[in-house]
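Report on one structure; see the data block that follows.
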Amino acid sequence: MFRSILIANRGEIALRIVRACRELGVKSIAVYSDADANAPHVHEAAAAVHIGASPASESYLVGERIIEAAKASGAEAIHPGYGFLAERAWFARAVRDAGLTWIGPSAEAIEGMGSKTAARHLVTAAGVPVVPGTQEALRDAEEAAAIADQYGYPILLKAAAGGGGKGMRIVREQGELSTALESARREALNAFGDDAVYVEKYIEGPRHVEIQVLADQHGNVLHLGERECSIQRRHQKMIEEAPSIAVNAELRTRMGETAVAAARAVGYENAGTCEFLLDAKGNFYFLEMNTRIQVEHPVTELVTGIDLVQWQLRIAAGEQLPFRQEEIQPRGWAIECRITSEDPSNGFLPSTGRIEFLQVPGGPGVRWDGGIIAGSEVGLYYDPMLAKLIVHAATREDAIERMCRALHELTVSGVETSRDFHLRVMEHPDYRAGNVTIQWLEQNLEAITGARAPEEQVRLAAVVAALLADADRARANGGSPAGAAVRQAESAWQRVARAEGLRR
Ligand code: MV4
Numbered sequence: 371m372f373r374s375i376l377i378a379n380r381g382e383i384a385l386r387i388v389r390a391c392r393e394l395g396v397k398s399i400a401v402y403s404d405a406d407a408n409a410p411h412v413h414e415a416a417a418a419v420h421i422g423a424s425p426a427s428e429s430y431l432v433g434e435r436i437i438e439a440a441k442a443s444g445a446e447a448i449h450p451g452y453g454f455l456a457e458r459a460w461f462a463r464a465v466r467d468a469g470l471t472w473i474g475p476s477a478e479a480i481e482g483m484g485s486k487t488a489a490r491h492l493v494t495a496a497g498v499p500v501v502p503g504t505q506e507a508l509r510d511a512e513e514a515a516a517i518a519d520q521y522g523y524p525i526l527l528k529a530a531a532g533g534g535g536k537g538m539r540i541v542r543e544q545g546e547l548s549t550a551l552e553s554a555r556r557e558a559l560n561a562f563g564d565d566a567v568y569v570e571k572y573i574e575g576p577r578h579v580e581i582q583v584l585a586d587q588h589g590n591v592l593h594l595g596e597r598e599c600s601i602q603r604r605h606q607k608m609i610e611e612a613p614s615i616a617v618n619a620e621l622r623t624r625m626g627e628t629a630v631a632a633a634r635a636v637g638y639e640n641a642g643t644c645e646f647l648l649d650a651k652g653n654f655y656f657l658e659m660n661t662r663i664q665v666e667h668p669v670t671e672l673v674t675g676i677d678l679v680q681w682q683l684r685i686a687a688g689e690q691l692p693f694r695q696e697e698i699q700p701r702g703w704a705i706e707c708r709i710t711s712e713d714p715s716n717g718f719l720p721s722t723g724r725i726e727f728l729q730v731p732g733g734p735g736v737r738w739d740g741g742i743i744a745g746s747e748v749g750l751y752y753d754p755m756l757a758k759l760i761v762h763a764a765t766r767e768d769a770i771e772r773m774c775r776a777l778h779e780l781t782v783s784g785v786e787t788s789r790d791f792h793l794r795v796m797e798h799p800d801y802r803a804g805n806v807t808i809q810w811l812e813q814n815l816e817a818i819t820g821a822r823a824p825e826e827q828v829r830l831a832a833v834v835a836a837l838l839a840d841a842d843r844a845r846a847n848g849g850s851p852a853g854a855a856v857r858q859a860e861s862a863w864q865r866v867a868r869a870e871g872l873r874r
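Okay, so the sequence shown: first residue is 371 according to the working numbering, each after it adds one.
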C-alpha cells in the first residue's frame, strides 16, 4: 500500500478519500484554492498544499500545479475523485510520466471511452448491445435523412465527442432535421471543439440504470450490480438507489456480464461505471462508460458491503480482488439524496451564503457524506452539491421511510437547499411505486416544487407570524428587534406565505 497519496479534489469526495486513507493507514495530502483555505477537506487531511486562486481554472484544473504539489509533498499516487481532472486522459498520462501512480484507469482506457463513436465501435465488437445507430459521424443532412428513414423517427443526434447531453437533439420528423443538425454541430463545437455528430434511434421513456465495475491489474473484472439513476433534471442526478426496482436477478446478471465485457474491451482497471438505458420491455442499451468513481457510489457500498474507494487504492497498489462474482449480492435497499445549495421553488437557482447552523441526521442506517460544516462559505466557484444523505434498510419501503426521517432531522440554515424537494419526492405516489423514467422529474417538477407546504409547516408559519407581529409592535413602539433570528423568521414566513397564499 502507498505511504501517502495526494487528493486532487475538494468537498465531500475529498473527505471521502481522506476517510479511506485513514482506514488504510495512508497519509492523505489535500490541495486547496483560496476559497477553500478553511474547508473541511483541508482540516481533515494529514497535510495540505495551496494550489492557486478560487476559480477552478486557476487551481483544481491546473494539472501541472497538482503534480508539483504531489512531488513536493512526497505523495506516491494521485486520486482525482470525480469532476475536475478525473477523466482527462492527458492528466492521467502526465501523472504517470511524472513517476507517480494514477488511482484510476489508464489514459488509453479513458480515451477509448471518451469518444462516443469510438466507444460504440469498441464495445460492439465485444458483443455489447448499443442503441441502433450509425458507427460513423454524419457528413450532411441528406445522409442523416436517409439514415433516419431507415430507423424511423424519432431519432437522436449526438455529439461524437459528447457526454452529459451536450450537442444532443431529438428529431421527430424530417422537416426538423437540417436545423437540428446545425444546432447540434454548433453546440458540440462549442463544448468539445469537435462538431462531429452521429445518429441513434431515440428511446422513449427509458430508465437510466448503471452498473458498477471493479477491475484489478491481474485480469479480474467484477460487477457490483446496478444503481437506478432516473431521477434527474437537466442531466444532474438528484436521487439514486441500489438496487433498481426494474432489475431482477436474471437481468442483473445479464447487464453485469455486459458491463464486464465493455470494461474488458478497453483493458479497464480500477473502479468504473457502465451507463445503460433500460426500456419498459426490459431491453437495455449501453450508453457510455464513466471512467471514475461516481457521486452515487455509496448506495452500491451499502448494499454490497464493499468499500469502493478503499478498493480504488488497493487496486492501484497492485492488490488482487478477493471476491468471486457469485459472492456479490445486493442486501437490502439504499437511497441517496444529493443535498444541494439550490432553491427548487425558484427554478433551482444556486443559493450562496454562510452555513449558519447545521444539524446532520444520524441514527440507524444513515450515512452523511458531507463537504460542509457550520461556518462554511458557500459561493459560486464550485458545484452546488453540499453533501449526500444516504440511507440503508431491509426493504425499499423501509429505506424511503428512513430517508424521510433523516431528511426531517436535517437542518441547514444560511442557504436554501434541496431538502424539502427531496421530502416531496419521497412522498410522491409515483416515486413510492417506483414508477419513474428519465423524464419523470422534469414532467412533474411543478407539482413537486410548487406543492402545498405540509400541514406542519403551515402551523409553524402561524407561530412565526405571531412572533413577527410582536416584532412589528416593538418597532412601532420605537424598538429595534432586528437580529439574525428575526430576519430568518421573516424569510421563512415569506416563503410559506407565498406558497400558501397566507396573510399575516
Ligand atoms: C439517449 C436517450 C434516448 N435515446 N439515447 C443523455 C446524456 C447521454 N449520457 C445520453 N443521454 C441520452 N441518450 C437514445 N438513443 C436519452 C438520453 C437521456 C438521458 C440518459 C440518461 C440519464 C438522463 C437522461 C436525460 C435525458 C436524455
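Beta carbons: idealized from backbone N, C-alpha and C, even for Gly.
Practice problem: Could you check which residue in Leu657, Ile383 and His411 has the C-alpha nearest to that of Pro499? | Solution: Counted from its first residue, the sequence shown places residue 499 at position 129. Checked all of Leu657, Ile383 and His411; the closest Cα to Pro499 is Leu657.
Exercise. State yes or no: is the C-beta of Asn660 within less than 9 Å of the C-beta of Glu580?
Key: For the purposes of this step, residue 660 is identified with residue 290 of the sequence shown, where counting begins at 1. For the purposes of this step, residue 580 is identified with residue 210 of the sequence shown, where counting begins at 1. Yes, Cβ-Cβ distance for Asn660 and Glu580 is below 9 Å.
Self-check item: As assigned by DSSP and simplified to three states, the class of Ala821
Solution: As a first step, residue 821 is located in the sequence shown; it is residue number 451 there, counting from the start. Only weak support is given to the placement of Ala821: the predicted model assigns it a pLDDT of 49, under 50, and the value that follows is read from those uncertain coordinates. Coil at Ala821, not helix or strand.
Self-check item: Met755: CB within 8 Å of a non-hydrogen atom of the ligand MV4
Solution: In the sequence shown, residue 755 corresponds to position 385, counting from 1. No, the Cβ of Met755 stays beyond 8 Å of every heavy atom of the ligand MV4.
Quiz prompt | C-beta atoms of Lys571 and Glu557 nearer than 9 Å | solution = Taking the sequence shown and counting its residues from 1, one reaches residue 571 at position 201. Taking the sequence shown and counting its residues from 1, one reaches residue 557 at position 187. Cβ atoms of Lys571 and Glu557: not closer than 9 Å.
Quiz item: With distances taken between CB atoms, is the gap from Ile517 to Val795 smaller than 9 Å?
Solution: Taking the first residue of the sequence shown as position 1, residue 517 is located at position 147. Taking the first residue of the sequence shown as position 1, residue 795 is located at position 425. Not closer than 9 Å, so no.
Practice problem: State the start and end residues of the unbroken beta strand (DSSP E) segment that holds Val665. | Solution: Locating residue 665 in the sequence shown gives position 295, where the first residue counts as 1. Where Val665 is concerned, there is no enclosing beta strand (DSSP E), given that its DSSP letter is neither H nor E.
Exercise. Whole angstroms is fine: what's the gap from Met483's alpha carbon to Thr643's?
Key: Start at 1 with the first residue of the sequence shown, and residue 483 comes out as number 113. Start at 1 with the first residue of the sequence shown, and residue 643 comes out as number 273. A direct Cα-Cα distance of roughly 11 Å separates Met483 from Thr643.
Practice problem: Would you kindly work out how many angstroms separate the C-alpha atoms of Glu689 and Asp586, rounded to a whole number? | Solution: As a working note, residue 689 is residue 319 in the sequence shown. As a working note, residue 586 is residue 216 in the sequence shown. Distance between the alpha carbons of Glu689 and Asp586 is about 7 Å.
Practice problem: Spatial neighbours of Ser403 within its chain, please: CB distance less than 7 Å, with the 5 preceding and 5 following residues excluded, ordered by chain position. | Solution: As a first step, residue 403 must be located in the sequence shown, where it is residue number 33. Excluding sequence neighbours, Ser403 sits near Ile421, Gly422, Ala423, Ser424, Ser429 and Tyr430.
Quiz prompt | Those residues which DSSP pairs with Gly642 across a bridge | solution = Start at 1 with the first residue of the sequence shown, and residue 642 comes out as number 272. Gly642 pairs with Val583.
Quiz item: Which term fits Gln682, buried or exposed, when burial requires 16 or more other beta carbons within 10 angstroms of its beta carbon?
Solution: Your numbering for residue 682 matches position 312 in the sequence shown. It counts as buried.
Practice problem: Grab the span of the beta strand (DSSP E) containing Tyr452 for me, first residue to last. | Solution: Here the question's residue 452 lines up with position 82 in the sequence shown. Neither: Tyr452 is in no beta strand (DSSP E) and is coded neither H nor E.
Self-check item: Beta-carbon proximity of Leu777 to Leu793, cut-off 9 Å
Solution: What you label residue 777 is simply residue 407 of the sequence shown in a count that begins at 1. What you label residue 793 is simply residue 423 of the sequence shown in a count that begins at 1. Yes, the Cβ-Cβ distance between Leu777 and Leu793 is below 9 Å.
Self-check item: Glu570 beta carbon near the ligand MV4 (any heavy atom closer than 8 Å)
Solution: Looking up residue 570 in the sequence shown gives position 200. Answer for Glu570: yes, Cβ within range of the ligand MV4.
Quiz item: So what does DSSP say about Gln544, is it helix, strand or coil?
Solution: Position 174 of the sequence shown, counted from the start, is the residue given in the question as residue 544. In this structure, Gln544 counts as helix in the three-state DSSP scheme.
Practice problem: Check whether the Cβ atoms of Gly450 and Asn379 lie closer than 9 Å to each other. | Solution: For the purposes of this step, residue 450 is identified with residue 80 of the sequence shown, where counting begins at 1. For the purposes of this step, residue 379 is identified with residue 9 of the sequence shown, where counting begins at 1. Before going on, a small fix: residue 450 reads as Pro here, not Gly. Yes.
Quiz item: Any contact of the stretch 720-728 with the stretch 796-803, i.e. 3+ C-beta pairs under 8 Å?
Solution: no
Quiz item: Cα-Cα, which of Ile473, Pro668, Ala561 and Pro692 is closest to Arg708?
Solution: Locating residue 708 in the sequence shown gives position 338, where the first residue counts as 1. Of the candidates Ile473, Pro668, Ala561 and Pro692, the one whose C-alpha sits nearest the C-alpha of Arg708 is Pro668.
Exercise. To the nearest angstrom, report how far apart Arg845 and Glu747 are at their CA atoms.
Key: Counting from one through the sequence shown, the residue named residue 845 turns up at place 475. Counting from one through the sequence shown, the residue named residue 747 turns up at place 377. Approximately 32 Å between the Cα atoms of the pair.
Self-check item: 9 Å Cβ cutoff met for Asp649 and Ile573
Solution: On the sequence shown, position 279 is the one that residue 649 refers to. On the sequence shown, position 203 is the one that residue 573 refers to. It is a contact, given that the beta carbons lie within the stated cut-off.
Quiz prompt | Cut-off 6 Å between Cβ atoms - residues of its own chain near Ile742, not counting five sequence neighbours on either side | solution = As a working mapping, residue 742 is identified with position 372 in the sequence shown. The residues are Ile725 and Leu756.
Quiz item: So the alpha helix (DSSP H) Asp677 belongs to, where does it begin and stop?
Solution: To locate residue 677, count along the sequence shown from 1; it is residue 307. Careful: Asp677 lies outside any alpha helix (DSSP H) and carries neither H nor E.
Practice problem: Put Gly723 into one of helix, strand or coil per three-state DSSP. | Solution: The sequence position of residue 723 within the sequence shown is 353, counting from 1. Here DSSP, grouped into helix, strand and coil, assigns Gly723 to strand.
Quiz item: Which class does Gln729 belong to by DSSP, given the choice of helix, strand or coil?
Solution: In the sequence shown, residue 729 corresponds to position 359, counting from 1. Here Gln729 sits in strand by DSSP.
Quiz item: Using the beta-carbon count (16 or more within 10 Å), is Asp713 buried or exposed?
Solution: Along the sequence shown, one-based indexing puts residue 713 at 343. So Asp713 ends up on the buried side.
Quiz prompt | Pro613 versus Asp406, Ala400, Arg373 and Arg766, residue with shortest Cα-Cα distance | solution = Counting from 1 along the sequence shown, the entry for residue 613 is found at position 243. Checking every option, the nearest Cα to that of Pro613 belongs to Arg766.
Quiz item: Quick one: what's got a C-beta closer than 6 Å to Ala456's C-beta in the same chain, skipping five residues either side?
Solution: Residue mapping note: residue 456 aligns to position 86 of the sequence shown, counting from 1. Contacts found: Pro450 and Arg662.
Quiz prompt | Unbroken alpha helix (DSSP H) run spanning Gly804, endpoints | solution = Start at 1 with the first residue of the sequence shown, and residue 804 comes out as number 434. Unbroken run through Gly804: none, as it is neither H nor E.
Quiz item: If you count every other CB in all the chains shown that lies within 10 Å of the CB of Gln813, and 16 or more means buried, which is it?
Solution: As a working mapping, residue 813 is identified with position 443 in the sequence shown. Burial call: exposed.
Quiz item: Under the criterion of a Cβ to heavy atom distance below 8 Å, does Lys651 qualify as lining the ligand MV4?
Solution: By 1-based counting over the sequence shown, the position of residue 651 is 281. It does not: the Cβ of Lys651 is nowhere closer than 8 Å to a heavy atom of the ligand MV4.
Exercise. Taking Arg597 and Glu610 to be in contact with their CB atoms under 8 Å, please state how far apart those CB atoms are, rounded to whole angstroms.
Key: Your numbering for residue 597 matches position 227 in the sequence shown. Your numbering for residue 610 matches position 240 in the sequence shown. Arg597 to Glu610, Cβ: 5 Å. Contact.
Quiz item: Near Val617, which residues of its chain fall below 6 Å by C-beta distance, leaving aside the five closest residues on each side in sequence?
Solution: Taking the sequence shown and counting its residues from 1, one reaches residue 617 at position 247. Glu596.
Self-check item: Nonlocal neighbours in the same chain, by C-beta distance under 6 Å from Arg466, ignoring five residues either side
Solution: Taking the first residue of the sequence shown as position 1, residue 466 is located at position 96. Excluding residues within five positions, the ones whose Cβ falls inside 6 Å are Trp472.
Quiz prompt | Selection from Gly545, Ile760 and Ser485 that minimises the alpha carbon distance to Gly533 | solution = Working through the sequence shown from its first residue, we reach residue 533 at position 163. Closest by alpha carbon: Ser485.
Quiz item: Alpha carbon to alpha carbon, how far is Ala821 from Gly575?
Solution: Start at 1 with the first residue of the sequence shown, and residue 821 comes out as number 451. Start at 1 with the first residue of the sequence shown, and residue 575 comes out as number 205. Legend: pLDDT at Ala821 = 49, less than 50; position of this residue unreliable, value from coordinates given subsequently. Cα to Cα, the separation comes out at about 24 Å.
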